[in-house]
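Notes for the one structure printed next.
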Amino acid sequence: MTAPAILPSRGIADRLTALFWRYPRVLLALLLTPPLLWLGVVYLGSLAALLLQSFYSIDEFSGMVKEEFTLKTYGELLRAQNLDIILRTLLMSAAVTVGCALIAFPVAYYAARFARGRWKAVFYLGVMLPLWSSYLVKVYAWKLILAKEGIITWAADALHLSMVLNAVLAIPGIGGNSLSTSWIGTFLVFVYIWLPYMILPMQAALERVPTSMLEASADLGASRSQTFRTVIFPLAMPGIIAGSIFTFSLTMGDYIIPQIVGTSARFIGLAVYQLQGTAGNIPLAAAFAVVPIVIMLIYLTIAKRQGAFDAL
Amino acid sequence: MHSDRASFGLRFAAVTGLLFLHLPILIIFLYAFTTEEKSYAFPPPGLTTEWFAVAWNRADIWPPLYLSLWVATVSTLLAMILGTLVSAAMAQTRFFGREQISLLILLPIALPGVITGMSLRSAFSIMDIPFSTLTIILGHATFCIVIVYNNAVARFRRLSGGILEASADLGANSFQTFRHVLLPNLGSALLAGGMLAFALSFDEVIVTTFTAGQQSTLPIWMLQELVRPRQRPVTNVVAIVVFVTTFIPILIAYYLTRNGSETAGAGK
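Taken in order, these protein sequences are the chains called A and B.
When you number the first sequence by full-length UniProt numbering, it's gap-free, plus one each residue, and the end is 312.
When you number the second sequence by full-length UniProt numbering, it's gap-free, plus one each residue, and the end is 268.
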């Protein structure tokens, strides 16, 4: 039937091996089918369901979902209050991304370039542990720190800096009654929670910068800051973009942090949560949810062109 | 100037950054021992261990804990199987649609959790699937796949294709190669991926709020306590339990993947 094998076949396993050898695609298909079925059906199927719902609308009198295709719900996103939510979310996401990048850089740079041996491990674990430790526990910790009677107020009192704290809280737009009910509080917690997501890809990108390039830059007479601007920073860029995928996306969708720390102003995440839950307006919730998807798809396309995926 | 020593400013900023990441977590431990039940007063007026006993005796904590452990276990096992399969396919071959598949695996964590949650909820309600433990697991396994995949694919990359060929040359069939060559080399990476997936699932709250029905997992219980507190120090005790339950698998995962030198064929 087929060409004789050098070794005699010892059963079904051998025959399958021969099949995989002659037709590698069969093995590939067998390997890919279960995960693709899962992701395709459960995940993409769900995304499709979401998209479908966003084209429905809600009957204003009965409050029932009308299963007819319309763009009316998307039109509602353009109402002033809804646009506010979207704009506020984007601003916060951008601010958090910049904040994370600024704090992450020295940590990532030191870990990539200078940390050796034991310190390398300290830095690695030092970033990994907060990344993986419980999200809610971390948010809760900040509630304790920022609360009116909490640690920062106490520290400010002890250092006789209450004036400064009160002055900061009095800044219109970002201040508030206490740190835990202000924009500053929300921003701080976001930056804290997503910071490791920025450090790790940044460090990965910086580790790939060859020392010889820095030496060459120095030999050519560049100062520290020139080397930083023209060599290190551009080479770190893919890592920064990769990190920003997470900081931006996670901030955009989060609804727990603004609920626990911050003002009562809503973000996209909270709007989605409340619309589908208490308000029962599933089409509008779905339309709101499509906004981050579209933004992230554009973001991912740009990031891919910048080579950011290699730094993930 | 090129130098091999970090400037003081850089060292200071780096260490401050690390401290910033760790100090808040310590606060939780302190507040679990406070004698002050109602407020967040700092420093705590006194210290006590009674809250551990109180937490132990609160009947409403145990069912969420069991559910969280069960969901994390099943989701991790599912994610390990699916993640290993897809990483094996992606590591060894180039094929049409490969890029799209890597995007598809990444998407559940690259898109905000609220999207995953809301999508799953829409799909379940369209298909009339009642919210239950199963729906929680469906959601968790989906975003855990990428964790296992990342760990496994990194190990595959370091694994030289030569040892698989050698195994075939010595007459082993695919299954024997998998059992005796591939699995021992992948083992620690898979276990590490599994540990991280477990930690991620045990702690997840956003997707869970959308896919859970009446039951609550431990993070959902905690969230309810955060929004409407009953006994604040008890929440801290539970927070410590959650912290330790995610901390241990992460440390194990770290030690399993710390140095890749044990991977056969790594040197080429």
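Heads up, the beta-carbon is just placed ideally off N, CA and C, and yes, glycines get one too.
Just so we're clear, the structure is a prediction, and the values are computed from it rather than from any experiment.
Strand pairing of residue i, partner residues [DSSP]
{"i": "lysine 66 of chain A", "result": "A:Ser57"}
{"i": "threonine 34 of chain B", "result": "B:Leu47"}
Test: residue i CB closer than 9 Å to a CB of chain A
{"i": "asparagine 151 of chain B", "result": "no"}
{"i": "isoleucine 163 of chain B", "result": "no"}
{"i": "serine 75 of chain B", "result": "no"}
{"i": "serine 174 of chain B", "result": "yes"}
{"i": "valine 205 of chain B", "result": "yes"}
{"i": "asparagine 236 of chain B", "result": "yes"}
{"i": "valine 227 of chain B", "result": "yes"}
{"i": "phenylalanine 33 of chain B", "result": "no"}
{"i": "residue 271 of chain B", "result": "Within the shown structure, residues of chain B are numbered from 1 to 268, placing residue 271 of chain B beyond reach of any answer."}
{"i": "arginine 11 of chain B", "result": "yes"}
{"i": "tyrosine 254 of chain B", "result": "yes"}
{"i": "threonine 208 of chain B", "result": "no"}
{"i": "alanine 239 of chain B", "result": "yes"}
{"i": "threonine 133 of chain B", "result": "no"}
{"i": "lysine 268 of chain B", "result": "Caution is warranted here: a pLDDT of 37 is assigned to lysine 268 of chain B, below 50, making its placement in the model unreliable, and the coordinate value is therefore given only provisionally. Not closer than 9 Å to any Cβ of chain A, the Cβ of lysine 268 of chain B fails to qualify, so no."}
{"i": "isoleucine 61 of chain B", "result": "no"}
{"i": "valine 181 of chain B", "result": "no"}
{"i": "glycine 265 of chain B", "result": "Here glycine 265 of chain B scores only 49 on pLDDT, less than 50, and its place in the model is too uncertain to base an answer on."}
Endpoints, the alpha helix (DSSP H) within which residue i is located
{"i": "glutamine 100 of chain B", "result": "98 to 110"}
{"i": "methionine 222 of chain B", "result": "218 to 227"}
{"i": "leucine 36 of chain A", "result": "24 to 38"}
{"i": "glutamate 207 of chain A", "result": "183 to 207"}
{"i": "glutamine 259 of chain A", "result": "257 to 260"}
{"i": "threonine 246 of chain B", "result": "232 to 257"}
{"i": "glutamate 76 of chain A", "result": "72 to 77"}
{"i": "lysine 120 of chain A", "result": "117 to 132"}
{"i": "tyrosine 273 of chain A", "result": "268 to 276"}
{"i": "methionine 92 of chain A", "result": "80 to 113"}
{"i": "leucine 146 of chain A", "result": "135 to 146"}
{"i": "glutamate 165 of chain B", "result": "161 to 169"}
{"i": "valine 181 of chain B", "result": "Taken as a continuous stretch (DSSP letters only), valine 181 of chain B belongs to no alpha helix (DSSP H), as it is neither H nor E."}
{"i": "histidine 140 of chain B", "result": "133 to 158"}
{"i": "phenylalanine 95 of chain B", "result": "Counting along the chain, phenylalanine 95 of chain B falls outside any alpha helix (DSSP H), and DSSP gives it neither H nor E."}
Any chain B beta carbon closer than 9 Å to residue i
{"i": "alanine 286 of chain A", "result": "yes"}
{"i": "valine 96 of chain A", "result": "no"}
{"i": "methionine 128 of chain A", "result": "yes"}
{"i": "alanine 204 of chain A", "result": "no"}
{"i": "phenylalanine 246 of chain A", "result": "yes"}
{"i": "phenylalanine 187 of chain A", "result": "no"}
{"i": "glutamine 276 of chain A", "result": "yes"}
{"i": "proline 201 of chain A", "result": "no"}
{"i": "valine 209 of chain A", "result": "no"}
{"i": "glycine 307 of chain A", "result": "no"}
{"i": "alanine 265 of chain A", "result": "no"}
7 Å Cβ cut-off: residues of chain B touching residue i
{"i": "phenylalanine 114 of chain A", "result": "Ala6"}
{"i": "isoleucine 260 of chain A", "result": "Leu226"}
{"i": "serine 178 of chain A", "result": "Going along chain B, no residue has its Cβ under 7 Å from serine 178 of chain A, so there is no contact; the nearest lies around 11 Å."}
{"i": "methionine 296 of chain A", "result": "Ala110 and Leu111"}
{"i": "phenylalanine 69 of chain A", "result": "Simply none; closest approach about 15 Å."}
8 Å Cβ cut-off: residues of chain B touching residue i
{"i": "methionine 252 of chain A", "result": "Pro112"}
{"i": "alanine 13 of chain A", "result": "Asn173, Ser174, Phe175 and Gln176"}
{"i": "alanine 289 of chain A", "result": "Val114, Ile115, Met118 and Ser119"}
{"i": "tryptophan 183 of chain A", "result": "Within 8 Å Cβ-Cβ: nothing; tryptophan 183 of chain A doesn't reach chain B, min ~19 Å."}
Chain B residues whose Cβ lies nearer than 9 Å to that of residue i
{"i": "valine 164 of chain A", "result": "By Cβ distance, chain B contributes nothing, its closest Cβ being about 18 Å from valine 164 of chain A, past 9 Å."}
{"i": "glycine 280 of chain A", "result": "Near glycine 280 of chain A there are no residues of chain B at all, since even the closest Cβ is about 12 Å away, more than 9 Å."}
{"i": "threonine 17 of chain A", "result": "Ala168, Ala172, Asn173, Ser174, Phe175, Gln176 and Thr177"}
{"i": "lysine 120 of chain A", "result": "Under the 9 Å cutoff, chain B gives no residues; its nearest Cβ is about 11 Å from lysine 120 of chain A."}
{"i": "isoleucine 232 of chain A", "result": "None at all; the shortest Cβ gap to chain B is about 11 Å."}
{"i": "leucine 195 of chain A", "result": "Gly17, Phe20 and Leu21"}
Contact set between residue i and chain A, taken where Cβ atoms lie within less than 9 Å
{"i": "valine 86 of chain B", "result": "Leu31, Leu32, Pro34, Pro35, Leu36 and Leu39"}
{"i": "phenylalanine 247 of chain B", "result": "Leu129, Trp132, Ser133 and Ser134"}
{"i": "histidine 22 of chain B", "result": "Gly126, Leu129 and Pro130"}
Amino acids of chain A, ordered along the chain, whose beta-carbon sits closer than 8 Å to that of residue i
{"i": "serine 122 of chain B", "result": "Ser46, Ala49, Leu50, Leu52, Gln53, Ile282 and Ala286"}
{"i": "leucine 138 of chain B", "result": "Val42"}
{"i": "residue 283 of chain B", "result": "For chain B, the structure presents residues 1 to 268; residue 283 of chain B sits outside this window and is missing."}
{"i": "phenylalanine 243 of chain B", "result": "Ser133, Ser134 and Val137"}
Under 7 Å by beta carbon: chain A residues contacting residue i
{"i": "proline 219 of chain B", "result": "Leu136"}
Between the stretch 76 to 88 of chain A and the stretch 5 to 17 of chain B, are three or more C-beta pairs nearer than 8 Å?
no
Is the number of C-beta pairs between the stretch 91 to 105 of chain A and the stretch 235 to 253 of chain A that are closer than 8 Å three or more?
yes
Are the stretch 243 to 250 of chain A and the stretch 105 to 123 of chain B touching by the rule of at least three beta carbon pairs closer than 8 Å?
yes
Assess, as a yes-or-no matter, whether the stretch 104 to 121 of chain A is touched by the stretch 257 to 277 of chain A under the definition of 3 or more beta carbon pairs within less than 8 Å.
no
Whether or not the stretch 60 to 77 of chain A and the stretch 137 to 153 of chain B are in contact is what I'm after, with contact meaning three or more pairs of Cβ atoms, one per stretch, closer than 8 Å; do they touch?
no
Check whether the stretch 64 to 79 of chain B and the stretch 199 to 219 of chain B are in contact - that is, three or more C-beta pairs closer than 8 Å.
yes
Taking 8 Å as the threshold, find out whether the stretch 184 to 193 of chain A comes into contact with the stretch 212 to 229 of chain A through three or more Cβ pairs.
no
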